[in-house]
Structures are given as structure tokens and as C-alpha cells.
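Novice: Dropping a structure here in C-alpha cells format, bear with me for questions.
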Amino acid sequence: MMKQFILLVSLLVFSVSWTSTSTPIQTDFKRCMSTQFSAYTKNFEIIYTPESSLYSYLLQSTIQNPRWLNATTQPLLIVAPFHESEVQAAVLCSKKYDLQVRVRSGGHDYEGLSFLCQTPYIIIDLINMRSIDINVEEETGWVQSGATLGELYYAIAKKSQVHGFPGGLCPTLGIGGHLSGGGFGTLLRKYGLAADNVLDAYLIDVNGRILDRKAMGEDLFWAIRGGGGASFGIILSWKIRLVRVPKIVTGFSVSKTLDSGVTKLVHRWQEIAPYLPEDLFIRIVIVGDGFNKAVQVSFNSLFLGEIDTLIPLMNKTFPELGLKFEDCIEMSWVESTVNFAGFPNGSLVEVLLDKKQLFKSNFKAKSDFVTEPIPINGLEGIWGRFVEEEIAIMIMDPFGGKMNEISESETPFPHRKGNLYNIQYLKKWEKNGVRESNRHVYWMRSLYKYMGSYVSKSPRAAYVNYRDLDLGTNNQDNTNYLESTSWGVKYFKGNFKRLAQLKSKVDPENFFRSEQSIPHYK
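When you line the sequence shown up against mature numbering (1 follows the signal peptide of the UniProt record, and there is no 0), it's residues -21 to -1, 1 to 501, in that order.
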């Protein structure tokens, strides 16, 4: 199906004629592209200007937060390369004409930084660079940055029923952004982050060179595994380590309401979830329903084993939940990825190939890390806020296990031992518009302020893949390292300085930059 889509796009692009309405900079850029690597580049087949019939479709097709559909800025051009030489050409031509570059793999950047910019820019959209090559014998795989997690999981399952990959839960996430920010899901307590299981990569640097791990050096290879790859170049593809999973895994989802004693259950979960055997992952999803003044708390779990082993383990470690046999379902690992993505029970695994995101709506997100259990009265304060607002979500992912064994400096992602769990806050709304958005964003900021007493401190940590511009932004004209620490140390803690020192070395003119790109160290 994906090959048919790419073929259709290619055929349609052949029918597009470049009109005289192109601006001089667009014309010059296309001319530059035609001379760079002319033996390989498809040239005009991959370049879309606002006059192209496919420009708007391509621009909007993978924007996962509709809140940004009405943005006032748009790229001068969209380049959708098929070949690495076309990415090289786009980088060199952008430098020549002083255009900023935004690189998009899946379009999930929470603040839209993979496709929005305040100065003249182009988008390099990796939608056509999505090949996946799985080598079961070596227990490795090569995957291009434009592929999605769903496509990767599906490709692994086609080759093996006893291998998986410890990535995130949303199947439409682009590989490029996910791995470069860290990436975690149901296997993190067993195998760590997605970035912890990257073995090699191909990156195009600011000079248009293609570098593998050996050529880029260990410092740069360290930086792109959790430090946000867009600050250092364009990552074309990743070599990943496949991890072992049993043929049969077990999942369960148990939902509770406020009148069923859920507050004590959540408090107890905080005390035990990070210390459970690493084969057992239990997260909490809290949904506020302001329309009905209600809160629902769901305990979602993946166990790397069968029901007969899980039930006695739960009775021993978390008997308060009252897990029953009928709450559980046995399945393959790849079926569990379908289940956690929110698809109905019984859905075919082919739904992982669908690039249309479930439950798409406008949203604002924030994140926290928790190092001590939130007390009962703190949880009750959360419930009080959630019953006031429609479609408010709070997701609590337990850490511990393998995460405790990896040092804070092993990769740029520093949130390891000492963190009980991560919180993702999501405020969703249907109606788009400035006034409506401002109202919901204000509510989210109010919740975040309330939570300050109960989460990590000095710094109050955050997860870069849940990007939040409220934490601070760079000055585009004169990015200052000290000013950037307002957000940088929250994402990277002590690793921020090392990232900035490396940025100064590998991108001395700060070509790859955005509102929250790594600054120079000065």
C-alpha cells in the first residue's frame, strides 16, 4: 500500500509544471538542486512549491496536532527526497541561500518545530525514506528515519515472533524524531530506551557529508541518541538492536473510578510499580471528564509471560488491584503494540501500517519526572482539577528495572535511577481557534504549576520528546547558552553542557537551529 502511495505521488508530481509565480529564491533553489548531485537527484520530482497541487496535502498530511494547521508561516519549498544525495543537495542549497531547514519524519513534534519556522525556510520531509531491513540472525535491523514505529514493529513481526524493539506506543511516530529524543514504551523496564538500543547511524552533517558511527565519532554518536538529532544534522537511518520477547505475552487494562477507592490504589502503585520484576510494566492513564464531573483511572499492563504466571505475581506484589483472569488477554508481542495503540481487540496487525493517527485532536502537552510518591492529598488535588475540564489526560509510565542500571551520562537522556515514573500531561480540545486554544493552554499551565510541589526539583526535569516551549526558547538572532539553560537542563540535566560543546564543534555556524535546538557553548 505504501509503495502504491509513493508511486502515485511520483506520477502526480510528473504532471506538475513549475509556474512563473515562483519567487526568485524558489527558482534559484530549484536550479541549485538541479546542479547538485545531478547524476542521482530526481530534481523537480521531489520539490514542492505553494503552486504545486500537492504542496498543501504534503504539508498537512503528517501534522499530528491540528492546532498548528492554521499557523501563519509556511515553507518556501518542501523537499521530499527518495535518495540520500537529494538530502545532501537540499542541505547545501539551503546553506547557499541562507534558508533554515526543518526536518520532518512523522510530524509528531508537540510544538510543531519539525515543520514551523519564523524565518524563510524549507521542509525536508522524509516521508519517502522509510525502508526497513531486519536481520534476525544478527538480531539487528536498519531502518530509515521516515519509517514509522508501526511499520518497524510490523516488519520485525514478519521475520520473527520472538523479537521486538523497545520503542513507543504510538504507531505513527516517525523513527527519526523518536530515536533522537530517547524513546520509551512498554519494554523500557526490561531493555531501556529505544536510543539505548541503537548501534549505528548514517547522518548528513552541515557540510553535506554522510557519516556513519565510525566517521562521525563517538561524541556525535552519543549526542544523536537522546540529544535531539535535528541540532546536529539530518539522520538518514539507524541500525537498531532487536530484543528478545516471548511468543506469548499478556496484557490487561483495569479501570477504576473515584468512588471505588482509586486514590489509595494510585498511591500504592507509586510505591511498587518501579520495583516490580522488569518483565512487568504497569502504567496509569487518568482521564478527566468535565462534562460528567468524573475521573477514570486505568491500569494498563504488559507482562512478558503468560497469564498463569502473571496472576500469582500480581496477587503477591499488587493484590490491592484485584486482578482477575478475565481481565487479561494473551497475545503476541506485535499484537500488544496494536492493543496499546488503542485499536479495538481483534484488530489485524496491518493497522500498524496506517499513517492516520487515532484520536487526533488539538492538544497542549507537558511532562514531569517523579522521584517521591505523590501524597494522598496531592492526588486528590489532581482529581479536583480534572473534574473541571473536559478531555484532560495524565499518563504515568513507571521506570526502574533496566533504567536504573544505565548512568545519567550514558546517553543525553539523563532521567535514570532515582526516577519512579514519568508523567505526560495532555489537554485536548476539538474546536480550533485562538481564544479556545488559549483557554485550554491556560488550564494546562495551571495544572503544571500545581504539580510543582510533587515532582523532581533542581531542575524540574522534562522529556524532550514531549516538547514544551513554555520552558524557554532560544533567541534566533543570538542564541545564548546561559539563557538556553532555562530549558536545556530540564531536558538534559548535566549533559546539556556536553551537547552544547559538541554543537560548537560540529555546527560552528549554527545552521541546524530552532527555538529549542542545542546552542553553542560560549
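Where is the CB? At the ideal position from N, CA and C, for every residue including glycine.
Check each candidate in Glu314, Phe342, Gly412 and name the one with the smallest Cα separation from Val330.
Specialist: Answer by Cα proximity: Glu314.
Novice: Is the Cβ-Cβ distance between Asp376 and Ser435 less than 9 Å?
Specialist: Cβ atoms of Asp376 and Ser435: not closer than 9 Å.
Novice: Note down the Cα distance separating Cys149 from Gly129, rounded to an integer number of angstroms.
Specialist: When rounded, the distance between both Cα atoms is 8 Å.
Novice: Considering only residues of the same chain and omitting the five flanking positions on each side of Leu(-14), which have a CB-CB separation below 8 Å?
Specialist: Unreliable placement is indicated for Leu(-14), whose pLDDT of 34 sits below 50; no coordinate value is reported for it.
Novice: Work out the CA separation of Asp184 and Phe278 for me, nearest whole Å.
Specialist: Roughly 43 Å between the two C-alpha positions.
Novice: According to DSSP, simplified to helix, strand and coil, what is Thr350?
Specialist: Residue state, collapsed to three classes: coil.
Novice: Checking the sheet assignment: what are the DSSP bridge partners for Leu128?
Specialist: Bridge partners of Leu128: none, in fact.
Novice: Is the region 179 to 194 in contact with the region 210 to 217, if contact means three or more CB pairs nearer than 8 Å?
Specialist: The region 179 to 194 vs the region 210 to 217: in contact.
Novice: For the alpha helix (DSSP H) containing Pro291, name the first residue and the last one.
Specialist: Pro291 -> alpha helix (DSSP H) spans 286 to 296.
Novice: Tell me the start and end of each unbroken alpha helix (DSSP H) in the region 333 to 419 that is at least 4 residues and wholly inside, in chain order.
Specialist: With a minimum length of 4 residues, the continuous alpha helix (DSSP H) runs that stay inside the region 333 to 419 are 355 to 365.
Novice: By a C-beta neighbour count over all protein chains shown, 10 Å radius and 16 as the cutoff for buried, is Lys218 buried or exposed?
Specialist: Buried, by the Cβ-count rule.
Novice: Considering just the uninterrupted stretch of the beta strand (DSSP E) at Tyr100, what are its terminal residues?
Specialist: It spans 100 to 104 - the beta strand (DSSP E) in which Tyr100 sits, taken as one unbroken run.
Novice: With DSSP as the reference, identify every bridge partner of Ile203, one or two as the case may be.
Specialist: Per DSSP, none; premise fails for Ile203.
Novice: Excluding the five sequence neighbours on either side, which residues of its own chain have a C-beta within less than 7 Å of the C-beta of Leu152, listed in chain order?
Specialist: Cβ neighbours of Leu152 beyond the five flanking positions: Gly85, His87, Thr127, Leu128.
Novice: For Gly379, which residues from the same chain have a beta carbon less than 8 Å from its beta carbon, with the 5 sequence-adjacent residues on both sides left out?
Specialist: Arg168, Ala252, Pro253, Tyr254, Leu255, Glu257, Leu399, listed in sequence order.
Novice: Indicate whether at least one CB of chain D lies closer than 9 Å to the CB of Phe144.
Specialist: As a matter of chain content, chain D is missing from the structure shown, which is built from one protein chain.
Novice: Residue range of the alpha helix (DSSP H) that Gln67 falls in?
Specialist: 63 to 75 is the extent of the alpha helix (DSSP H) around Gln67.
Novice: Thinking just about the alpha-carbon of each residue, which of Arg395, Ala371, Ile374 is nearest to the one in Lys381?
Specialist: The residue with the shortest Cα to Cα distance from Lys381 is Arg395.
Novice: Can you grab the Cα-Cα spacing for the pair Asn401 / Ser13, in whole Å?
Specialist: Answer to the nearest angstrom: the Cα atoms are 47 Å apart.
Novice: According to DSSP, is Asn318 part of a helix, a strand, or is it coil?
Specialist: It is helical.
Novice: Report yes if the C-beta distance between Arg223 and Val122 is below 9 Å; otherwise report no.
Specialist: No; because the gap between Cβ atoms is not below 9 Å, this pair is not in contact.
Novice: Compare the C-alpha of Lys476 against each of Tyr460, Glu384, Glu117, Trp248 and name the closest.
Specialist: Answer by Cα proximity: Tyr460.
Novice: Using three-state DSSP, classify Gln39 as helix, strand or coil.
Specialist: Correct three-state label for Gln39: helix.
Novice: DSSP puts Thr229 in a beta bridge; with which residues?
Specialist: According to DSSP, Thr229 bridges with Phe282, Glu309.
Novice: On the CB-based measure, 16 or more other CB atoms within 10 Å of its CB, does Tyr100 come out buried or exposed?
Specialist: Buried is the call here.
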